[in-house]
Amino acid sequence: MRSKLLICMALLLVVLAWAGPGAHAYNESDVIQRVGPYEVVPAHVIENETDNASLIGDTSGADGTITFWQLPLWIQLTQVTWIATLSATALALILKFGPLIIGKLKTPRDNEIRDRIYNHIKDNPGSTVASIARKEGLNLGTVRYHVGQLQSTHRITLVKSDKFVRLFQNSNTYTDREKTVLSAINRPTALSIVSYLHDHPGTTTPQIAGSINITDSGTNVQLKKLLRDQIIRAEPAGRYLRYYLREDVKALIDRQSSA
Numbered sequence: 001m002r003s004k005l006l007i008c009m010a011l012l013l014v015v016l017a018w019a020g021p022g023a024h025a026y027n028e029s030d031v032i033q034r035v036g037p038y039e040v041v042p043a044h045v046i047e048n049e050t051d052n053a054s055l056i057g058d059t060s061g062a063d064g065t066i067t068f069w070q071l072p073l074w075i076q077l078t079q080v081t082w083i084a085t086l087s088a089t090a091l092a093l094i095l096k097f098g099p100l101i102i103g104k105l106k107t108p109r110d111n112e113i114r115d116r117i118y119n120h121i122k123d124n125p126g127s128t129v130a131s132i133a134r135k136e137g138l139n140l141g142t143v144r145y146h147v148g149q150l151q152s153t154h155r156i157t158l159v160k161s162d163k164f165v166r167l168f169q170n171s172n173t174y175t176d177r178e179k180t181v182l183s184a185i186n187r188p189t190a191l192s193i194v195s196y197l198h199d200h201p202g203t204t205t206p207q208i209a210g211s212i213n214i215t216d217s218g219t220n221v222q223l224k225k226l227l228r229d230q231i232i233r234a235e236p237a238g239r240y241l242r243y244y245l246r247e248d249v250k251a252l253i254d255r256q257s258s259a
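In this text, residue positions in the sequence shown follow UniProt numbering: the first is 1, and each later residue adds one.
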């Protein structure tokens with residue numbers, strides 16, 4: 001096969017030599033007169049040029065145009081084999097290095113989003129996946145993915161509270177008791193009640209309900225949960241109960257507010 005390629009190259013050189021500078025339709029001896037930039041040549045030369053020009057459109061013969069399927073079989077096989085080998089090599093490289101390259105391109109963006117979520121959890125202990133997605137303007141699935149990554153690297157911990165899973169920074173920042181408190185007061189209505197009791201200790205159910213604009217029955221439901229989680233305590237006062245924050249809860253809220 002190598003010898004055939006050498007023969008083809010030799011033939012190509014012959015063709016190029018034939019078509020070189022000396023291959024004119026006429027030569028210098030044909031010129032009988034020069035007038036400025038013009039050359040006067042015999043008429044038979046012009047006739048020969050005209051005859052040769054009629055052959056330009058001829059695509060037959062040795063210099064004709066042929067399709068790939070008209071090439072010799074060995075040339076077809078060489079081309080097909082070369083293309084197949086090149087394609088297989090390219091595909092193998094894509095399969096091997098493609099995921100790595102894509103991963104490298106995605107890493108900075110992933111790290112940026114993960115850091116945003118981590119900082120949100122750090123600044124808002126007891127957050128849920130849904131609240132992070134809503135407040136950070138991220139897709140819920142994206143937040144779930146990055147929360148899973150943060151948990152697998154032990155940067156955060158998860159605490160189940162009622163039907164919610166709440167997220168905390170994992171750096172011994174909070175005790176189990178503090179996580180329970182922060183999880184309990186992360187409910188919007190519960191947070192409103194706790195905030196009110198922080199500033200108005202010893203208030204009754206009607207007073208609390210009026211301050212946060214919900215019914216007495218709705219307030220009672222939340223107060224029972226806060227009593228269950230030992231966030232507040234109640235003291236009888238006539239026909240009503242007066243509610244107070246527990247001291248450790250108040251101290252935790254003050255610490256969070258000053259952080």
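Where a beta carbon is used, it is the ideal one built from N, C-alpha and C, also for glycine. The structure displayed is predicted, hence computed values, not measured ones.
Under DSSP, the alpha helix (DSSP H) around residue i begins and ends at which residues?
i, result
"residue 253", "247 to 258"
"residue 144", "140 to 152"
"residue 218", "216 to 228"
"residue 206", "205 to 212"
"residue 173", "Run containing residue 173: none; DSSP gives neither H nor E here."
Based on DSSP bridge pairs, tell me the residues matched to residue i.
i, result
"residue 242", "235"
"residue 165", "160"
"residue 195", "Partner(s): none; residue 195 has no beta bridge."
"residue 127", "167"
In whole angstroms, give me the CA-to-CA distance for residue i and residue j.
i, j, result
"residue 204", "residue 193", "11 Å"
"residue 84", "residue 91", "10 Å"
"residue 248", "residue 172", "17 Å"
"residue 188", "residue 129", "15 Å"
"residue 79", "residue 89", "15 Å"
"residue 246", "residue 252", "10 Å"
"residue 22", "residue 87", "Residue placement at residue 22 cannot be trusted, given a pLDDT of 39 that sits under 50; what the coordinates show is reported in the next sentence. The alpha-carbon atoms of residue 22 and residue 87 are separated by roughly 44 Å."
"residue 154", "residue 244", "36 Å"
"residue 169", "residue 199", "28 Å"
"residue 109", "residue 142", "12 Å"
"residue 206", "residue 240", "9 Å"
"residue 31", "residue 71", "Since pLDDT at residue 31 reaches only 45, below the 50 mark, its modelled position is unreliable, and the value read off the structure follows with that caveat. Cα-Cα distance, rounded: 43 Å."
"residue 137", "residue 144", "13 Å"
By the 10 Å Cβ neighbour count, where 16 or more other Cβ atoms means buried, how is residue i classified, buried or exposed?
i, result
"residue 147", "buried"
"residue 346", "This structure cannot settle anything about residue 346, because the visible part of the chain is limited to 1 through 259."
"residue 222", "buried"
"residue 209", "buried"
"residue 156", "buried"
"residue 66", "exposed"
"residue 328", "The structure shown does not extend to residue 328, since the chain spans only 1 to 259, so no value can be given for it."
"residue 94", "exposed"
Using only CA atoms, which one of the options lies nearest to residue i?
i, options, result
"residue 181", "232, 196 and 206", "232"
"residue 125", "111, 159, 138 and 154", "159"
"residue 250", "201, 213 and 214", "201"
"residue 277", "228, 72 and 195", "No answer is possible for residue 277: it lies beyond the span of the chain, which begins at 1 and ends at 259."
"residue 131", "183, 197 and 225", "183"
"residue 191", "136, 168 and 225", "225"
"residue 230", "118, 120 and 177", "177"
"residue 186", "220, 121, 234 and 235", "121"
"residue 174", "123, 242 and 163", "123"
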